[in-house]
Amino acid sequence: MINLALWAETDVSERVWNWLNYPFPVGSFEIKIANVALGLGVLLAALLASRSMRSFVQRRIAMRAPIDPGLQYTLLRLTHYFIISLGILYAVKIALGVDLTAFAVVFTALSVGIGFGLQFIAADIASGFILLFERPVRVGDRIVVGDTDGRVESINLRTTVMITNDHTAIILPNSKLVSNSFTNWTYSEAPTRFSIPVSVAPNSDPELVKQLLLRAASSVEGVLDDPQPNVQLSRFGEASLDFQLLVWTLKPYTQPQIKSDINYRIMRFFKEAGIGISLQQRLNQEAPRPEISTSLKRDDYAEDETIIPNKSKTP
Numbered sequence: 034m035i036n037l038a039l040w041a042e043t044d045v046s047e048r049v050w051n052w053l054n055y056p057f058p059v060g061s062f063e064i065k066i067a068n069v070a071l072g073l074g075v076l077l078a079a080l081l082a083s084r085s086m087r088s089f090v091q092r093r094i095a096m097r098a099p100i101d102p103g104l105q106y107t108l109l110r111l112t113h114y115f116i117i118s119l120g121i122l123y124a125v126k127i128a129l130g131v132d133l134t135a136f137a138v139v140f141t142a143l144s145v146g147i148g149f150g151l152q153f154i155a156a157d158i159a160s161g162f163i164l165l166f167e168r169p170v171r172v173g174d175r176i177v178v179g180d181t182d183g184r185v186e187s188i189n190l191r192t193t194v195m196i197t198n199d200h201t202a203i204i205l206p207n208s209k210l211v212s213n214s215f216t217n218w219t220y221s222e223a224p225t226r227f228s229i230p231v232s233v234a235p236n237s238d239p240e241l242v243k244q245l246l247l248r249a250a251s252s253v254e255g256v257l258d259d260p261q262p263n264v265q266l267s268r269f270g271e272a273s274l275d276f277q278l279l280v281w282t283l284k285p286y287t288q289p290q291i292k293s294d295i296n297y298r299i300m301r302f303f304k305e306a307g308i309g310i311s312l313q314q315r316l317n318q319e320a321p322r323p324e325i326s327t328s329l330k331r332d333d334y335a336e337d338e339t340i341i342p343n344k345s346k347t348p
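This is how it looks when you write it as structure tokens:
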């Protein structure tokens, strides 16, 4: 009875093994279930290896030897793409029994299709590698694309994700960042200078105005003491004294907030010192815009308008 049971169990195992290795013809290929399962296992192993490698680099290497976050992100992305590409190639080779050299023909055919139908996607993918290698923009940078200002959240194979100041996600094609110009506020760690124009009444004391402007700038967070703020008298006349307040900051993307804080302090200090803004500036702020009529009457034409005679009539 025991021998019979062993024989029956061996017979079932042999049938299962034969079924797993039975070649099923699919077109010009012969697919075996065992090979398909093995190919899926290779692909899964590649995914796990890529994830494990990322965790190892972030937790071990980055802690022992500080690496620039942008460079670390680039290396992780490139290694991830490399491991996944190898996993896909070997998974297809095992599952279909295709020689890897045969992929050269497939890639040639794909390149023709990409050139015609997928050229925009191919341009985005190629631009993604350019961004990863040249690094004109890095994860965490503050950039301005058109009228949109935000922080770079991630650089993917085809797109770049930017989070705006309103916490809105903007998906940008990589080719847009490569072919078009944009402003990268954090590309360099050097201080950035910007100016704030200030116009006061012509009878104001220029030395007092200078002191108040420097006091306003030095009291705002984000303004550097070195290089120190500077005040220039750019123009003077009967209508106003025009100054330029020059300040430096390491956070150029915060310019709007810094300017607002400085302007609030300038207004308060000027009010306390009895310094008024220029009359010309006040008139420009208060003067209403002239209305433009949408219709023209004949009486509105100039008296010397030229009248072209009708040539069809005889004199």
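The sequence shown begins at 34 in the numbering used here and counts up one residue at a time. C-beta: ideal position from N, C-alpha, C; glycine also. This one's a predicted model, so the numbers in the text were calculated from it and none came from an experiment.
Buried or exposed by the 16-neighbour rule on C-beta atoms within 10 Å, applied to residue i
i: F303; result: buried
i: S88; result: exposed
i: W281; result: buried
i: A351; result: The question about residue 351 has no answer, for the chain in this structure spans 34 to 348.
i: I291; result: buried
i: P262; result: buried
i: L77; result: exposed
i: S311; result: buried
i: A320; result: With a pLDDT of only 46 at A320, under the threshold of 50, the placement of this residue in the model should not be trusted; the figure read from the coordinates follows. Classification for A320: exposed.
i: F276; result: buried
CB contact flag (residue i, residue j, <8 angstroms)
i: P230; j: L274; result: no
i: A12; j: R298; result: This structure gives no information on residue 12, because the portion of the chain shown stretches from 34 to 348.
i: P289; j: W218; result: no
i: Y220; j: D174; result: yes
i: L53; j: I66; result: yes
i: S85; j: I117; result: no
Residue i: first and last residue of the uninterrupted alpha helix (DSSP H) it sits in
i: S83; result: 66–89
i: A249; result: 239–251
i: E167; result: 152–167
i: L266; result: Here L266 belongs to no alpha helix (DSSP H); instead the beta strand (DSSP E) covers 263–269.
i: L257; result: L257 -> no alpha helix (DSSP H), and no H or E assigned at all.
i: D294; result: 288–306
Residues of its chain near residue i, where Cβ-Cβ distance is below 8 angstroms and the 5 sequence neighbours each way are ignored
i: E63; result: P56, F57, G130
i: G270; result: P235
i: L257; result: P224, V280, W281, T282, L283
i: S46; result: none
Contacting residues, own chain, Cβ-Cβ under 7 angstroms from residue i (five flanking each side not counted)
i: T216; result: I176, V177
i: I127; result: N68, L71, G72, V75
i: L111; result: L165
i: V194; result: E186, S187, A202, I204
i: N207; result: D157, S160, G161, L164, R191, T192, T193
i: I196; result: G183, R184, E186, A202
Residue i - containing beta strand (DSSP E), residue span
i: L210; result: From DSSP, L210 is part of no beta strand (DSSP E) but of the alpha helix (DSSP H) over 207–212.
i: P349; result: In this structure the chain extends from 34 to 348, so residue 349 is not present and cannot be described.
Close-in-space but distant-in-sequence residues of the same chain around residue i (CB under 6 angstroms, 5 per side omitted)
i: V211; result: S160, I163
Should the segment 72–85 be regarded as contacting the segment 106–124, the criterion being three or more beta carbon pairs within less than 8 angstroms? yes
Contact between the segment 179–187 and the segment 221–237 is defined here as three or more beta-carbon pairs at a separation below 8 angstroms; is this criterion met? no
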